[in-house]
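First residue of the sequence shown? That's 1 in the UniProt record's numbering, and the numbers climb one at a time after it. The beta-carbon is built from N, C-alpha and C at its ideal position, and this holds for glycine as well. Structure record follows, encoded as structure tokens.
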Amino acid sequence: MVRRLLSYIIPVNVASRKSEWSKNLEITWNNGELVMDSKNTNYSYGSLQRILRKGLQAIGYKSILDMQHILVLGVAGGSVIKTITDEIRFSGKITGVDIDAQVIAMANEFFGLDAIPNLEIVIDDAFEFVLKTKDRYDLIIVDIFQDTAMPNFLFESFFSKRIHFLLRPNGILLFNTMLLDSKDNLRNEEYVSDLDLLGFRTQIIPRVEEHNELIIARKSDA
Numbered sequence: 001m002v003r004r005l006l007s008y009i010i011p012v013n014v015a016s017r018k019s020e021w022s023k024n025l026e027i028t029w030n031n032g033e034l035v036m037d038s039k040n041t042n043y044s045y046g047s048l049q050r051i052l053r054k055g056l057q058a059i060g061y062k063s064i065l066d067m068q069h070i071l072v073l074g075v076a077g078g079s080v081i082k083t084i085t086d087e088i089r090f091s092g093k094i095t096g097v098d099i100d101a102q103v104i105a106m107a108n109e110f111f112g113l114d115a116i117p118n119l120e121i122v123i124d125d126a127f128e129f130v131l132k133t134k135d136r137y138d139l140i141i142v143d144i145f146q147d148t149a150m151p152n153f154l155f156e157s158f159f160s161k162r163i164h165f166l167l168r169p170n171g172i173l174l175f176n177t178m179l180l181d182s183k184d185n186l187r188n189e190e191y192v193s194d195l196d197l198l199g200f201r202t203q204i205i206p207r208v209e210e211h212n213e214l215i216i217a218r219k220s221d222a
């Protein structure tokens, strides 16, 4: 493919769409890889897939294979789901939640997300979903951004407590955050302190792809 080869020299745009939640979304060939980007950041595949892959590797692929149900809050193009299904070969149930119907439509069109048989996609606000769901999960992945911004509710105690409740014993939270200034650093420090108070055992993977910090929190078996 000519566009793919050319992308090793310069990014090649494939499609651009408007979105109510993410504003401008673009599908681009970049360094031989098809990626989804917002105006200012990578949304799926590319660096984001590498970031979350590091978190999954830290959890352990073998441990993930033994899980029954994974919840992904913030699907975008579905790169973390592709890692789970294509690389780890996870065959249990995956529920993906995203507020943006347009981004899911693009994920289906360009990345074949709707061809994954063990995936259920729910178009909903993540906060509303975690309040309503009756299921329990072995792994909850939180990867929610609006361009480079992260919604405040993600760091509030109520949301953390709800995540703790939804995890099965020994369940794991994998939370992708972005650190752009000292306020973000303080926000993450306070968040991790809250997780410790809830009884999580936390692990930090700092400065992944420069601006991202992964938080892995393991629930006790009690």
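Extent of the continuous beta strand (DSSP E) run through residue i
| i | result |
| --- | --- |
| Leu167 | 167 to 178 |
| Val15 | According to the sequence shown, residue 15 is Ala rather than Val. First-last of the beta strand (DSSP E) with Ala15: 12 to 19. |
| Ala115 | From DSSP, Ala115 is part of no beta strand (DSSP E); its letter is neither H nor E. |
| Leu214 | 212 to 218 |
| Val208 | 201 to 208 |
Residue i, DSSP secondary structure in three states
| i | result |
| --- | --- |
| Asp181 | coil |
| Gly32 | coil |
| His69 | strand |
| Asp135 | coil |
| Asp37 | strand |
Continuous alpha helix (DSSP H) stretch holding residue i: start and end
| i | result |
| --- | --- |
| Glu109 | 101 to 111 |
| Leu62 | For the record, residue 62 in the displayed sequence is Lys; it is not Leu. It spans 61 to 65 - the alpha helix (DSSP H) in which Lys62 sits, taken as one unbroken run. |
| Lys82 | 79 to 82 |
| Leu131 | 126 to 132 |
Residue environment, residue i, which counts as buried when at least 16 other CB atoms sit within 10 Å
| i | result |
| --- | --- |
| Gln49 | buried |
| Gly46 | buried |
| Lys132 | exposed |
Residue from the options with nearest C-alpha to residue i
| i | options | result |
| --- | --- | --- |
| Arg168 | Lys62, Asn212, Met67 | Met67 |
| Lys23 | Gly171, Ile9, Ser38, Asn31 | Ser38 |
| Lys93 | Ala126, Ile70, Asp184, Ala115 | Ile70 |
| Phe111 | Arg136, Ile88, Glu156, Ser79 | Ser79 |
| Met84 | Ala101, Gln102, Ile99, Pro117 | In the sequence as presented, Met is not what sits at residue 84; that position holds Ile. The residue with the shortest Cα to Cα distance from Ile84 is Pro117. |
| Ile205 | Leu5, Glu109, Ile51 | Ile51 |
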